[in-house]
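Chains as they are written, first to last, in the working numbering: chain W, 77 to 608; chain D, 1103 to 1252. The beta-carbon is built from N, C-alpha and C at its ideal position, and this holds for glycine as well. Nothing here was measured: the structure is a model prediction, and the numbers come from that model.
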């Protein structure tokens, strides 16, 4: 049975519909409204996971799929494009948002729920899903804005001074990133005369180097800022520790990863040659992101501040994977990208597990300060174990998913002859291990220094707060132990992501045969060569 | 009570502005105009009422509709997109024609979508404006505290 291709729009339409629906009850009594919104959000997250799972299954059976909104043929309409990479990301974000839901149900305070936490969760999901699935550069910008607005509301929900402070930094720096993206999209339209990503891929190959370099630079800065790469990472550590812990956990799995995904999508598709010529730049950015992130983590006094610096550090590994994405290796071209995708998935699992665990501690003890915590292993052995396993997974110890990801990335960088970055990444892994052990020690080891404030730890709460991180840690271990199915999956994803001809063919087979010429005033590379 | 001339202007201009908003909305189908700008004009009309009668009176008048307006607008827009599914494509344009007094009128999903946009804009803008004027009407509680600061 072949489903109608319109199902491709469901990851966007479903959260939007349910989110809008749950805003209809604003004039109801707050208690009943919140109860309804909780149910609708749960329904939406569950249905979204089901859709994402189905799409992943479908794309593995049938290969990449595309759908034109309003049935306008590409490049005139907005294209929705689904391949294995997209489906994997949809499934991961669906899974993470579904797993944080019980945690949120249990711990979110009535005030934040009344202000609209649950509808905003759905809008955030819609923005992320849209950014994954769109095949149009301007539409990508629009979904980034949706994501930014929804995350800004979630970040400042509750309105404490520190939240407003962090929220303003977050929104100002992210808006600058958005401006870069908009500028890049504008220049693309001005020079190539199109915004459809498949059409851009066709025409970009014809464009002169300056045009390619300007657009690639702008997109790199824009997505790099969204991904919290060096040097535009300041927004992350100054805002992630301020909201409710469940929001931080969700952000760590979604926001920066959308930026990384966009880099993975756009660079192999638009600029395959620049990936080789700009390799030193990409690897330098990756190395600096790693080192600065991990060094910053050593100076942090609270759980979430420390972990948010580790988010940055880990982004460096993904950029390192992007840098060697198309380098030849013994496993074929594109193995670097495959491992970068694997590392991205690993990081989403582990980082969210860590932040959920740390968040649960912070909520129960009433503080996240490392100097005040200690000795929790006696009262919470399960939480301590999960946190330890996740910490070692982050550092890259076997038998976790982090080991597979880091080992593979090292192998590709060695094969590409990039010794310096490989050395840096090993050194950063060592520092990460030290930092994580220090974190674990100061939360869980030693003598209990602080008794939990009375009344916070309700019976049965641990079940809701610990199960999600247990599932995430179990998945990380499963990937580490039985790596082959996952490796096959990410290799499929990478081979589809670097297959430019396939992308264009799926979106609209006529695009390649159509006039490939650029708009007037832009000299094509071919005529440039012929003239010079 | 506010100045009499403001109330007079409100009496006269607010209905006219709302009519202009409807005109702009309908004109937007194939000429400059449309839901976004019409929503802003309608919000400006309501802002006039806020200035003339105060935020409390305005909230009494529009309050119950204001809060869910955002959701209603989004629902209308999504519905317009979903109607296209009947023809096989999300956001596919669908039109109906009917005769009114010898003229052929066309109504379609783009207009329905635009209506959704207009409702969202009105809902957002008026909520902002009401909050702003409420904040302006209540004196800041911490003035004294600020003065004692060194």
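What three-state label does DSSP hand residue i in the structure shown?
i	result
residue 400 of chain W	coil
residue 143 of chain W	strand
residue 1133 of chain D	coil
residue 1106 of chain D	helix
residue 1191 of chain D	coil
residue 332 of chain W	helix
residue 184 of chain W	coil
residue 318 of chain W	coil
residue 453 of chain W	coil
residue 1249 of chain D	For residue 1249 of chain D, the predicted model reports a pLDDT of 44, less than 50, meaning its position is unreliable; a value from the coordinates is still stated below. Helix, per DSSP.
residue 80 of chain W	coil
residue 148 of chain W	coil
residue 606 of chain W	Here residue 606 of chain W scores only 48 on pLDDT, less than 50, and its place in the model should not be relied on; the value that follows carries that caveat. Here residue 606 of chain W sits in helix by DSSP.
residue 1181 of chain D	helix
residue 1223 of chain D	helix
residue 409 of chain W	coil
residue 236 of chain W	coil
residue 428 of chain W	helix
residue 241 of chain W	helix
residue 476 of chain W	coil
residue 1240 of chain D	coil
In angstroms with no decimal places, state the Cα-to-Cα distance between residue i and residue j.
i	j	result
residue 1246 of chain D	residue 88 of chain W	Bear in mind that a pLDDT of 47 at residue 1246 of chain D, under 50, signals an unreliable position, so the model cannot answer this.
residue 119 of chain W	residue 196 of chain W	14 Å
residue 553 of chain W	residue 475 of chain W	6 Å
residue 130 of chain W	residue 199 of chain W	21 Å
residue 322 of chain W	residue 1213 of chain D	40 Å
residue 445 of chain W	residue 377 of chain W	6 Å
residue 1157 of chain D	residue 146 of chain W	42 Å
residue 392 of chain W	residue 312 of chain W	14 Å
residue 467 of chain W	residue 156 of chain W	37 Å
residue 95 of chain W	residue 1220 of chain D	18 Å
residue 607 of chain W	residue 289 of chain W	Bear in mind that a pLDDT of 45 at residue 607 of chain W, under 50, signals an unreliable position, so the model cannot answer this.
residue 1116 of chain D	residue 1164 of chain D	14 Å
residue 561 of chain W	residue 1222 of chain D	46 Å
residue 441 of chain W	residue 525 of chain W	11 Å
residue 172 of chain W	residue 426 of chain W	11 Å
residue 569 of chain W	residue 207 of chain W	17 Å
To which residues does DSSP link residue i through a beta bridge?
i	result
residue 1207 of chain D	D/1200
residue 212 of chain W	W/272
residue 520 of chain W	Its beta-bridge partners do not exist; DSSP assigns none.
residue 156 of chain W	W/143 and W/210
residue 445 of chain W	W/378
Under 8 Å Cβ to Cβ from residue i, same chain only, skipping five residues before and after it: list those, please.
i	result
residue 473 of chain W	479 and 509
residue 1130 of chain D	1136, 1137, 1139, 1140 and 1216
residue 189 of chain W	110, 113 and 114
residue 380 of chain W	316, 317, 321, 324, 431, 434, 435, 438 and 444
Compute the distance between the beta-carbons of residue i and residue j, then report whether it is under 8 Å.
i	j	result
residue 159 of chain W	residue 127 of chain W	no
residue 183 of chain W	residue 143 of chain W	no
residue 418 of chain W	residue 481 of chain W	yes
residue 113 of chain W	residue 194 of chain W	yes
residue 250 of chain W	residue 213 of chain W	no
residue 300 of chain W	residue 342 of chain W	no
residue 261 of chain W	residue 584 of chain W	no
residue 1119 of chain D	residue 1143 of chain D	yes
Within its chain, find whatever has a CB closer than 7 Å to the CB of residue i; leave out the 5 residues flanking it on each side and keep chain order.
i	result
residue 168 of chain W	421 and 424
residue 544 of chain W	175, 176, 178, 179 and 432
residue 325 of chain W	176, 428, 431, 432 and 435
residue 232 of chain W	239, 240 and 243
residue 92 of chain W	202
residue 374 of chain W	511
residue 344 of chain W	351, 401, 402, 413, 573 and 574
residue 1107 of chain D	none
For residue i, which residues from the same chain have a beta carbon less than 6 Å from its beta carbon, with the 5 sequence-adjacent residues on both sides left out?
i	result
residue 369 of chain W	385, 388 and 389
residue 484 of chain W	415
residue 633 of chain W	Past the boundaries of the shown model lies residue 633 of chain W; chain W is included only from 77 to 608, so the question cannot be answered.
residue 355 of chain W	399
residue 292 of chain W	347 and 350
residue 258 of chain W	217
residue 1251 of chain D	Caution applies to residue 1251 of chain D, whose pLDDT of 43 falls short of 50 and renders its modelled position unreliable; the value that the coordinates give is listed next. Once the five neighbours on either side are set aside, residue 1251 of chain D has no close Cβ partner at all.
residue 1148 of chain D	1228
residue 163 of chain W	131, 132 and 135
residue 1145 of chain D	1224, 1227 and 1228
Between residue i and the ligand ADP, is the CB less than 7 Å from at least one heavy atom?
i	result
residue 471 of chain W	Questions concerning the ligand ADP fall outside what the structure shown contains, since it holds no ligand whatsoever.
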